[in-house]
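In the working numbering, the protein residues as written are 6 to 431.
Glycine included, every Cβ here is placed at the ideal spot set by N, Cα and C.
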Amino acid sequence: MSNSLNAIFASLKQAQAELAVQNRAAKDNALAAAAAEIDRDRAAILEANARDVDKTRKNGTKESLVDRLLLNDKRIDGIIEGIETIIRQEDPIGRVQAGWTLPNGLQIEKVTVPIGVAAIIYESRPNVTADCAALAYKAGCSILLRGSSSALESNKALVSAIKTGLAAGGGIADAVSLADSGDRDEIDTILKAHGFIDAVLPRGGGELIRRVVENARVPVIETGEGNCHIYVEPSAFQSDNGLEQVIEIILNAKLQKPGVCNAVETLLIHEDAVNKLMPALAEKLTGKAELRCDLASKIAIGLIPPVLELKDVEDEDWETEFLDNILAVKTVSSCDEAIAHINRYGTKHSEAILTNDLRAAELFRSRVDAACVYVNASTRFTDGGQFGFGAELGISTQKFHARGPMGLEALTTIKYLVTGNGQTRA
6 MSNSLNAIFA
16 SLKQAQAELA
26 VQNRAAKDNA
36 LAAAAAEIDR
46 DRAAILEANA
56 RDVDKTRKNG
66 TKESLVDRLL
76 LNDKRIDGII
86 EGIETIIRQE
96 DPIGRVQAGW
106 TLPNGLQIEK
116 VTVPIGVAAI
126 IYESRPNVTA
136 DCAALAYKAG
146 CSILLRGSSS
156 ALESNKALVS
166 AIKTGLAAGG
176 GIADAVSLAD
186 SGDRDEIDTI
196 LKAHGFIDAV
206 LPRGGGELIR
216 RVVENARVPV
226 IETGEGNCHI
236 YVEPSAFQSD
246 NGLEQVIEII
256 LNAKLQKPGV
266 CNAVETLLIH
276 EDAVNKLMPA
286 LAEKLTGKAE
296 LRCDLASKIA
306 IGLIPPVLEL
316 KDVEDEDWET
326 EFLDNILAVK
336 TVSSCDEAIA
346 HINRYGTKHS
356 EAILTNDLRA
366 AELFRSRVDA
376 ACVYVNASTR
386 FTDGGQFGFG
396 AELGISTQKF
406 HARGPMGLEA
416 LTTIKYLVTG
426 NGQTRA
């Protein structure tokens with residue numbers, strides 16, 4: 006297996022050298038052909054995905070995680086639309102960010118260039134395969150894709166279509182490769198590929214991310230878990246439909262797609278808002294989600310509907326990314342207490358405040374430590390497609406190079422071009 010990966014590393018490095026000098030038109034034509042091939046191969050891709058889904062369900066995986074794996078016509082349409090959005094974006098490579106002339110006459114330009122060869126190690130979602138391949142190609146990078154064994158058949162079908170399409174469009178098919186043995190040792194080989202892999206991106210649960218960060222011998226662009234919060238202030242109910250809007254946002258953030266990193270996991274409610282919000286929210290969540298409540302929010306619910314799943318919250322719930330139809334609830338006495346809770350237990354991903362108090366909104370924005378901070382909106386918008394990037398490499402929760410949804414810019418670095426006419430340093 007190691008020899009096979011070493012051959013792939015060498016091929017990716019050579020392909021990236023060729024891709025780095027391609028102009029925008031050439032890259033866009035190749036990506037358009039790849040999107041068209043995915044469309045043509047739709048039936049084969051869906052058949053491969055059905056095999057993955059069937060195997061995963063037989064293993065007893067919960068449905069919220071099966072949903073992350075599932076492809077259908079609508080989701081394939083979304084993959085194609087994402088590639089088309091990337092095609093429409095400006096080419097980030099070769100852009101002069103700044104330029105100046107020194108007193109000695111040297112001319113300096115700061116220019117955007119590709120990072121080089123990227124590797125992404127990810128779980129479940131086969132759409133990540135196409136998203137990352139397209140982003141890397143447009144950014145002039147070759148990429149090694151290492152998905153989870155649960156999505157292996159889906160990923161093989163997608164990568165086959167992408168490579169066929171790139172070649173048909175006059176592109177460089179070897180710029181995209183899939184590590185497809187399914188062997189966990191593959192990850193260790195990738196993480197030690199110093200000199201071949203210029204950056205590795207882990208995208209998945211906490212265990213995967215920690216494994217990559219702790220064992221990599223190559224640079225890591227770190228993504229993070231999504232222990233996300235929504236904090237509700239009393240002022241959020243001031244408008245005529247305030248209560249309905251608050252509930253709609255919470256339901257969207259929890260139920261629209263619970264198995265993803267930008268779904269809300271903990272609801273923080275100001276003590277002056279809990280009696281108004283909790284009975285109505287509990288009614289809406291009946292039969293749809295389990296609530297894990299502190300004493301004040303439990304009392305506020307009052308007469309519990311017979312089918313409502315209600316449990317007492319435990320301390321470990323505050324730091325848990327449920328990825329399921331479970332919502333922890335905590336009552337707080339102030340915006341300061343909510344912020345302190347978020348900064349202690351949050352994963353620096355996506356946090357939201359629902360309020361009509363401008364000072365509280367600004368306090369929350371300035372003091373919450375997260376990649377994305379929302380006022381009066383669902384956390385579910387933290388996504389490269391929603392942000393207009395077409396797709397994303399992942400959500401970075403680190404504080405350097407890239408943060409938040411990572412699009413084309415995350416796969417670029419800079420080069421200084423210095424032009425002289427004989428200058429020497431004294």
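Cβ pair residue i, residue j closer than 9 Å
i, j, result
"Thr387", "Ala376", "yes"
"Ala285", "Ile252", "yes"
"Gly121", "Ala35", "no"
"Ala156", "Ile148", "no"
"Val373", "Glu356", "yes"
"Gly264", "Asp136", "no"
"Ile125", "Val223", "no"
"Ile226", "Val237", "no"
"Leu24", "Gly145", "yes"
"His234", "Ile347", "yes"
"Lys32", "Gly211", "no"
"Gln250", "Leu359", "yes"
"Glu314", "Ala301", "no"
"Tyr127", "Pro239", "no"
"Asn54", "Glu219", "no"
Beta bridge counterpart(s) of residue i as assigned by DSSP
i, result
"Ile125", "Leu150, Leu206"
"Thr336", "Ile274"
"Thr106", "Gln112"
"Thr228", "Ser401"
"Gly409", "Ser401"
Sequence-distant residues of its chain with Cβ nearer than 7 Å to residue i (five each side left out)
i, result
"Leu183", "Leu150, Asn160, Lys161, Val164"
"Ala431", "none"
"Thr134", "Leu150, Gly152, Asn160, Leu163, Val164"
"Pro410", "Thr387, Asp388, Gly389, Phe392, Phe394, Glu397, Ile400"
"Lys281", "Phe242, Leu248"
"Gly307", "Pro284"
Own chain, CB closer than 8 Å to residue i, minus 5 neighbours either side, in chain order
i, result
"Met6", "The predicted model places Met6 with a pLDDT of 47, which falls under 50 and marks its position as unreliable, so this point remains unresolved."
"Glu42", "Ala166, Ile167, Thr169, Gly170, Ala173"
"Leu413", "Ile91, Gln94, Pro97, Leu140, Lys143, Ala144, Phe394"
"Phe14", "Val122, Leu149, Ala198, Phe201, Ile202"
"Pro119", "Gln21, Leu24, Ala25, Ile98, Ala144, Gly145, Cys146, Leu416, Thr417, Thr418"
Residue i: first and last residue of the uninterrupted alpha helix (DSSP H) it sits in
i, result
"Leu140", "132 to 143"
"Ala366", "363 to 372"
"Glu295", "From DSSP, Glu295 is part of no alpha helix (DSSP H) but of the beta strand (DSSP E) over 295 to 298."
"Leu171", "157 to 173"
"Asp78", "78 to 93"
"Lys259", "247 to 260"
"Lys197", "Counting along the chain, Lys197 falls outside any alpha helix (DSSP H), and DSSP gives it neither H nor E."
"Leu286", "279 to 290"
Enclosing beta strand (DSSP E) for residue i [first to last residue]
i, result
"Gln112", "112 to 119"
"Ile419", "417 to 424"
"Ala59", "The sequence given here places Asp at residue 59; Ala does not occur at that position. Where Asp59 is concerned, there is no enclosing beta strand (DSSP E), although the alpha helix (DSSP H) it sits in stretches over 47 to 63."
"Ala357", "355 to 359"
"Ser69", "Note, Ser69: premise wrong, no beta strand (DSSP E); alpha helix (DSSP H) at 68 to 74."
"Val217", "Note, Val217: premise wrong, no beta strand (DSSP E); alpha helix (DSSP H) at 211 to 220."
Neighbourhood of residue i by C-beta distance below 6 Å, restricted to the same chain and skipping five residues each side
i, result
"Val380", "Ile358, Ala366"
"Ala278", "Val237, Pro239"
Stretch-stretch touch, CB-based, cutoff 8 Å, three pairs: the region 49 to 60 with the region 69 to 76: yes
Inter-stretch contact (C-beta, 8 Å, three-pair minimum) for the region 95 to 106 and the region 407 to 425: yes
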